[in-house]
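Participant: Okay, here's the structure, questions in a sec.
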Amino acid sequence: SCLLCSQNNPLRRKPPGALKPIKPPDGIWQLLTMDFHGPIPPTTKNGNKYIISLTDVLSKFIITKAVRDCTATTAARFLIDEVILKYGTPKCILTDNGTHFTAKMMTELLKQI
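Each residue of the sequence shown is one higher than the one before, starting from 42 at the first, in my numbering.
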């Protein structure tokens, strides 16, 4: 606010995290990224307002699905039904560490595959 306050009060923001370079994968299906997008208006007739996507980093192959919510259950169901059962188990999945990807259920699923 005032000059004196801004000079003497400590900065209360968290410093930005350091970015780590990602080594390019050796082949397809070695490194995938997964994320939720939304909410995207308008909601569909089925109540879907988010899109979940999975992208192969090397080939840029994308799998997407419209979903109702962005929960760990939805992420796990998408990963099993739309990815693993159709295309096989990927070697590594990179996420943004959102709560839907760090929930206990999701971390246990990823340990199993």
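Glycine included, C-beta positions come from ideal geometry on N, C-alpha and C.
Check whether the stretch 80-92 and the stretch 106-123 touch, using three or more Cβ-Cβ pairs below 8 Å as the test.
Facilitator: yes
Participant: Which stretch, first to last residue, makes up the beta strand (DSSP E) that contains C133?
Facilitator: Counting along the chain, the unbroken beta strand (DSSP E) around C133 starts and ends at 133-135.
Participant: Contact between the stretch 52-72 and the stretch 119-138 is defined here as three or more beta-carbon pairs at a separation below 8 Å; is this criterion met?
Facilitator: yes
Participant: So, is M146 buried or exposed, given that buried needs 16 or more other C-beta atoms within 10 angstroms?
Facilitator: exposed
Participant: Sort R54, L44, M75, N87 by Cα distance to C133 and report the nearest one.
Facilitator: C133 has its Cα closest to that of M75, out of R54, L44, M75, N87.
Participant: C111 and F77 - do their beta-carbons sit closer together than 7 Å?
Facilitator: yes
Participant: Do P66 and L99 have their C-beta atoms closer together than 7 Å?
Facilitator: yes
Participant: Would you kindly work out how many angstroms separate the C-alpha atoms of T140 and N49, rounded to a whole number?
Facilitator: 36 Å
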